Amino acid sequence: MKKTGGVVAVLSVVAATLMVGARPAHAVSEAMLDSLYIDPAVHLPAASPAFPEYDIDADCANEFGDEVKYACVSAEKEKAAVLRGVWDEYRDADRVACQQQVTAQRHIQLYKNLAFCVDQRRYDAYIRHHPEAARQH
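Those letters in the sequence shown? Residues 13 to 149, per the working numbering, in order.
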């Protein structure tokens, strides 16, 4: 038992040591990520009603180094996972139009901007059909 406790203690110290050197993804500001664009050499897939499979690693590559790339990749993977789960809830026209918009902008946060775009279009359509809802807010 004492031996196991010692191993746990050593592993705890190693983990703590590693964490001290690690910088969390949120150490990179959202403003920094909002200001970066995809390298023009990176190919982006054509828009379609299907869920887009963007190459997050290539899209997030930038001249500001690994910390910024890691923050971008982490955030984009989270957004992609959430968006994939609800993708079928959006209209095909909105999916295509928003993919065209975000790939034309070439912002490194493709999935973040895609999620915002399809949600905004769905909200706008709802308000057009239910104008009383807009007055309630």
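Ideal Cβ placement from N, Cα and C applies to all residues, glycine included. Since we're looking at a predicted model, the values are computed, not measured.
Check: Can we say the segment 68-77 touches the segment 124-140, given the rule of at least three CB pairs closer than 8 Å?
Finding: Contact between the segment 68-77 and the segment 124-140 is absent, because fewer than three Cβ pairs lie under 8 Å.
Within 10 angstroms of the Cβ of H142, are there 16 or more other Cβ atoms? Answer buried if so, exposed if not. Burial check for H142: the Cβ neighbour count within 10 Å stays below 16, so the residue is exposed.
| message | Report the CB separation of D7 from V85 in whole angstroms; it is logged as a contact under 8 Å. | response | Missing from the structure shown is residue 7; the chain here goes from 13 to 149 and no further.
Check your understanding: Of the residues F128, Q117, I120, which one's Cα is nearest the Cα of R107?
Key -> Ranking F128, Q117, I120 by Cα distance to R107 puts F128 first.
Check your understanding: How big is the Cα-Cα spacing for K14 and E79?
Key -> Confidence at K14 is low in this model, with a pLDDT of 40, below 50, so the placement of that residue should be treated as unreliable; the coordinate-derived value is given next. Using only the alpha carbons, I get a separation of about 40 Å.
Check: Closest by CA to M44, which one among T115, H119, A53?
Finding: Per the Cα distances, H119.
Quiz item: DSSP state of Y49, grouped into three classes?
Solution: In the structure shown, Y49 sits in a strand (DSSP, three-state: E or B).
**Message:** Going by DSSP in three states, H55 sits in which element: helix, strand or coil?
**Reply:** Looking at H55 - three-state DSSP - the assignment turns out to be coil, as it is neither helix nor strand.
| Could you check where the alpha helix (DSSP H) with H141 kicks off and where it finishes? | Start and end: 122-141.
**Prompt:** Roughly how many angstroms separate the alpha carbons of A137 and Y102, rounded to a whole number?
**Reply:** Their Cα atoms are separated by approximately 11 Å.
Legend entry - Run of the alpha helix (DSSP H) containing E90, from where it starts to where it stops: E90 -> alpha helix (DSSP H) spans 78-98.
Handout entry: Backbone CA spacing between Q111 and Q148 [nearest angstrom]
Key = Going by the C-alpha atoms only, they are around 31 Å apart.
Practice item. Could you tell me if V98 is buried or exposed, where buried requires 16 or more neighbouring beta carbons within 10 angstroms of its beta carbon? Key: Result: exposed.
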